[in-house]
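Participant: Residues -7 to 591 (the working numbering) make up the sequence shown, in order.
Glycine residues also receive a C-beta, built at the ideal position from the N, C-alpha and C atoms.
Keep in mind the model is a prediction, meaning the values are calculated, not measured.
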Amino acid sequence: MSAGAALAGALPASPALAHGQGKGPADLIVHNGRVVVMDRRMRIAQAVAIRDGVVIGVGNDRDMLKLSGRRTQSIDAGGGTVLPGINDSHVHLNGLGFDLPPFNINVDTATIEELVGLVAAAAAGATSPDSWIRGGGWNENRLPRAPRRTDLDPVSGDHPVILRDFSAHMIVVNSKVLQLAGITRDTVPPPGGVIEKDEAGEPTGVLRESAQGLVQAIVPPFTPEETENAIKTGIQLLHAQGITSMTDPGIGYSQLDLYRRMSFEGTLAMRMTVLITGGRSPQEVRDTLAAFQQLRGVDPRRLRVAGCKLIIDGVPTAAQTAWLHEPYVDGRNGAPVIAGATLEEAVANIHAMIKLVHDAGLQVGTHATGDAGIDAVVSAYLAAMRGNRRFHDPRHYVIHGDLTPVGTLRTMARNGIGANMNATIKYLLGRTLDANLGPERTDYQWPYRTALDLGVKVTSASDAPVTPPSWRQGVQSAVLREGRFGGVAGEAERISVEEALVTYTRTAAWQDRAERWKGTLEVGMAGDVCVVAGDVLDGDPHTIVDMPIAATVLGGTVVYDGTSSDATVVKAMTPAAIERRNAYGAACLKAGLCCCQRH
C-alpha cells in the first residue's frame, strides 16, 4: 500500500492548527499511514499530530513531523490505516470482563479428565477456601458424556462449582451447590426443566433448561472489587481492539457509582456513555428517575449518563421472543415484555415509560427487535417528542432494530430517531433464522442499506459479550453479509466499507451527543486514534477481521501498542477463543438470552 497517495479528497500539504490550542510541539504524532479523517468528505492524509489530548494538525508526513519537539512521541503506522478511535455503542462492560479468567474459566475440552483438571487448577488458585468457581463452554456432543457432580466433587473441596454448557441450555454443578440450593432426589423441576438423575435416582448435577434457575438464584453476585477488576480487564480488551469510546446500556446505580469512583481515581481509561436500566413498568421507571442524580466533578468526556435503557421484546431467533406483526413460520407472533394484562395495556405502558424519561430531559435507548415492537417504540418516541418540545433533539434510538419496517425507517429519519444495529450478530446468525422468519425476513434483518439510503442515523455495536468486541468483524459483515458458516443473508442490504466505518465513528459520536469533539480526526477533535496494520479501505473485505490493531491512542496517550502483557487479554483474542465466544453467543441468542449476562 502506498501511504498518503494523491487521492481525490486528500488534505492539502500544510497542516491546519487548532484554534485556542496555543503553540508548541505535539505530544504525539502518528505518521507514515493512511489517515482516514472520517469527516464528511472522507479526506485522506499521511499523519496526525496531537497535543494536550486534541488533534492540532493533520496532513502529510513532512509538515506533521515539523511539529515534533524533544519530548514528542511518534508512532510509525507502517503504511497502515489510521482511524479515529472506534466507538462501540453497545457493550456490557462488566459482562465482557466476567467472561474471562479468573472470573470464568473456559472448560471447552475434549475429555472429562481435562475439564476436571481445569476445575482443580481453579480451586488450587482460588483466593478463599469457599469461593465460587464459575466456568463455561463444555459441550456434551464433544465430550463422551455430560460432566457430573461425581467428577467435580473430588477436586473442588468446599468451593461451589457451576459450569454452563456452550449452548446456555444447561449447567453442571457439584454437590456443594446442590446442597446450597436444596436440590435432592425429591425436588420437582420447574415447568420445562430437567434435573438429571443417576441410576440410584440421585441428581447428577446436570440441570437442563428452566431447572438452571434453581441454582442461578443462589449464585452470589460478584464483589465490588471483582467487578472493578472485570471492568479493567474488559477495558484492556477493548483497547486491544482499537476502541476508545463505548456505551454501557442498562446498568444500575451501584455500577454507575463504581464508574464514578474509577473516574475520580483516573482508572477509567475509556470514554463512557451509560444508560441506566429503566425497568419494565411505568412505576419502575418512576423509581429509577427518582433516584437519578447528575454526575458532578466528573469529566463528561470520560463519563456521562445519557439516559435510560428500556426493553420491549426479546429476539427473533428460535426462541421467537421478538414481537412481530406478521407471525413466525410456525404461526406465533411473540409479545411485548412490558407490564400489562393486555396488549393494549402493554402498549400504553410503553408510551408512559418513554414519556417519563423524555420529560426528564434524558435520552431513551429501547431494545426492540421485532417490527411490532419497533413500531410501538417509534410511535411512543413521536408522542413524547410532540407532547414536550422543550427537550429539543433528544436523539432517542432503537437498540438492535432487526426488522424495522421501511415506512418506520422513513419516519425515524424525518424525526432524528437513531438505530443501533449489530452486524457482528448478523455474522453469528447468518441464514440460521430462515426456519423461524423465512428467507425474506432473514435477508432483511438489520437493514443497513435501506436505513442509510433513507437518511437514518445508524450506529454499529458488538453487544459484547454476545459477540467479541471486534469492529473489524462488524465492518466485514456489514459489507459482505456473510455468516460464519458461509452463505449470504441479505445482499441487498450490503453497505460500503466507508459507510460501515462511519457507523463506528462519526455517527456513534452523534448518538453520544459528542459529534463536535470526537468521531473524526479533524483539527480540534479528541486525540483518539486506532492504527490498523492493513488497508481497511481498499483491501479485500474478507481480510478486514484479521488485520491486526497496531496501536490505540486515547486522548493523546498510547493505551495499546500492538502487544499486551496481560495473558488473559492475549488468550481472549486467539482465533479459537473468538470462535468459542461466537458459538456461545449464537447459542445464547437462539435461546432468547440476548445479552447473556453473567451471574
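Just to confirm the assignment, what range does the beta strand (DSSP E) spanning PRO241 have?
Facilitator: 235 to 243 is the extent of the beta strand (DSSP E) around PRO241.
Participant: Starting from MET377, follow the alpha helix (DSSP H) in both directions and report where the run begins and ends.
Facilitator: Where MET377 is concerned, the enclosing alpha helix (DSSP H) stretches over 363 to 379.
Participant: For GLY197 versus VAL165, is the C-beta spacing smaller than 9 Å?
Facilitator: Contact flag set, yes.
Participant: Could you check the C-alpha separation between ALA484 and LYS449 for me, to the nearest Å?
Facilitator: So the two alpha carbons sit approximately 19 Å from each other.
Participant: Tell me, which residues are paired with THR73 by DSSP?
Facilitator: DSSP lists ARG26 and VAL524 as partners of THR73.
Participant: Suppose you measure from the CA of GLU132 to the CA of ALA138; what does that come to, to the nearest Å?
Facilitator: Approximately 5 Å, taken between the alpha carbons.
Participant: Enumerate, from N- to C-terminal direction, the unbroken beta strand (DSSP E) stretches of 3 or more residues contained entirely within the segment 396 to 452.
Facilitator: Qualifying beta strand (DSSP E) stretches, in chain order: 410 to 413 and 450 to 452.
Participant: Tell me, to the nearest whole angstrom, how far the beta carbon of LEU267 is from that of GLY299; I am working on the premise that it is less than 8 Å.
Facilitator: Indeed they touch by this definition, with Cβ atoms about 6 Å apart.
Participant: Would you tell me roughly how many angstroms separate the C-alpha atoms of VAL29 and ASP363, rounded to the nearest one?
Facilitator: Cα to Cα, VAL29 sits roughly 36 Å from ASP363.
Participant: Under 8 Å: do the segment 229 to 244 and the segment 178 to 185 share three or more Cβ pairs, one atom per stretch?
Facilitator: Because the criterion of three Cβ pairs below 8 Å is not met, the segment 229 to 244 and the segment 178 to 185 do not touch.
Participant: Can you give me the C-alpha to C-alpha distance between THR103 and GLY71, rounded to a whole angstrom?
Facilitator: The alpha-carbon atoms of THR103 and GLY71 are separated by roughly 46 Å.
Participant: What's the gap between the Cα of TYR373 and the Cα of LEU144?
Facilitator: If you take the alpha carbons of TYR373 and LEU144, they lie about 51 Å apart.
Participant: Can you name the residues that DSSP bridges to LEU287?
Facilitator: Its beta-bridge partners do not exist; DSSP assigns none.
Participant: On the three-state DSSP scale, how would you describe CYS580?
Facilitator: The answer is helix: DSSP assigns CYS580 an H, G or I state.
Participant: Taking C-alpha atoms, which residue in MET377, ASN412 and ALA340 lies nearest to HIS359?
Facilitator: Measuring from the Cα of HIS359, the nearest candidate turns out to be ASN412.
Participant: According to the Cβ coordinates, are GLN503 and THR459 closer than 9 Å?
Facilitator: For GLN503 and THR459, no; Cβs fall outside 9 Å.
Participant: Counting C-beta neighbours from all protein chains within 10 Å, is the total for THR361 16 or more, i.e. buried, or is it exposed?
Facilitator: The residue is buried, with at least 16 neighbouring Cβ atoms inside 10 Å.
Participant: Taking buried to mean at least 16 other C-beta atoms within 10 Å of its own C-beta, is PHE214 buried or exposed?
Facilitator: So PHE214 counts as buried.
Participant: Can you tell me where the alpha helix (DSSP H) with ALA470 in it begins and where it stops?
Facilitator: Unbroken alpha helix (DSSP H) run through ALA470: 463 to 472.
Participant: Can you tell me where the beta strand (DSSP E) holding THR265 begins and where it ends?
Facilitator: 263 to 269 is the extent of the beta strand (DSSP E) around THR265.
Participant: Note down, one range per segment and in chain order, each beta strand (DSSP E) of at least 3 residues found wholly within the segment 30 to 83.
Facilitator: Correct list: 39 to 43, 46 to 51, 65 to 68, 73 to 76 and 78 to 80.
Participant: Taking the alpha helix (DSSP H) that VAL561 falls in, what are its first and last residues?
Facilitator: That run of the alpha helix (DSSP H) goes 559 to 564.
Participant: Just how far apart, CA to CA, sit TYR436 and LEU420?
Facilitator: Near 15 Å, if we compare the C-alpha coordinates of LEU420 and TYR436.
Participant: Count Cβ pairs between the segment 113 to 129 and the segment 258 to 278 that sit closer than 8 Å; are there 3 or more?
Facilitator: Flag = no, the segment 113 to 129 and the segment 258 to 278 do not touch.
Participant: Skipping 5 residues on each side, what residues in its chain have a beta carbon closer than 6 Å to that of LEU425?
Facilitator: Result list for LEU425: THR434, in chain order.
Participant: Might you give, ordered along the chain, the residues of its own chain that have their beta carbon closer than 6 Å to the beta carbon of ASP150, omitting 5 neighbours on each side?
Facilitator: Excluding positions up to five away in sequence, the list reads PRO121 and ASP122.
Participant: Go through its chain and collect everything with a Cβ distance to SER469's Cβ below 7 Å, but skip five positions before and after it.
Facilitator: Taken in chain order, the residues that qualify are ALA415, THR416, LYS418 and TYR419.
Participant: Could you have a look at GLY475 and say whether DSSP puts it in helix, strand or coil?
Facilitator: Note: GLY475 maps to coil in three-state DSSP.
Participant: Taking only three categories from DSSP, how would you classify TRP130?
Facilitator: Strand at TRP130.
Participant: Can the beta-carbon of GLY306 be found closer than 9 Å to that of CYS580?
Facilitator: No, they are not a contact pair.
Participant: Spell out the partners DSSP gives CYS300 in its beta bridges.
Facilitator: Partner(s): ILE268 and VAL356.
Participant: What is the C-beta distance between GLY408 and ASP385, in whole angstroms, given that I count them as a contact (C-beta under 8 Å)?
Facilitator: Indeed they touch by this definition, with Cβ atoms about 6 Å apart.
Participant: Rounded to whole angstroms, what is the Cα-Cα separation between GLU474 and ASN574?
Facilitator: If you take the alpha carbons of GLU474 and ASN574, they lie about 14 Å apart.
Participant: Are the segment 533 to 550 and the segment 104 to 111 touching, with three or more C-beta to C-beta distances below 8 Å?
Facilitator: Result no; under three Cβ-Cβ pairs closer than 8 Å.
Participant: Any idea if VAL480 is buried or exposed, counting beta-carbon neighbours within 10 angstroms, 16 or more meaning buried?
Facilitator: It counts as exposed.
Participant: DSSP has LYS189 in a bridge; who is on the other side?
Facilitator: Bridge partners of LYS189: PRO195.
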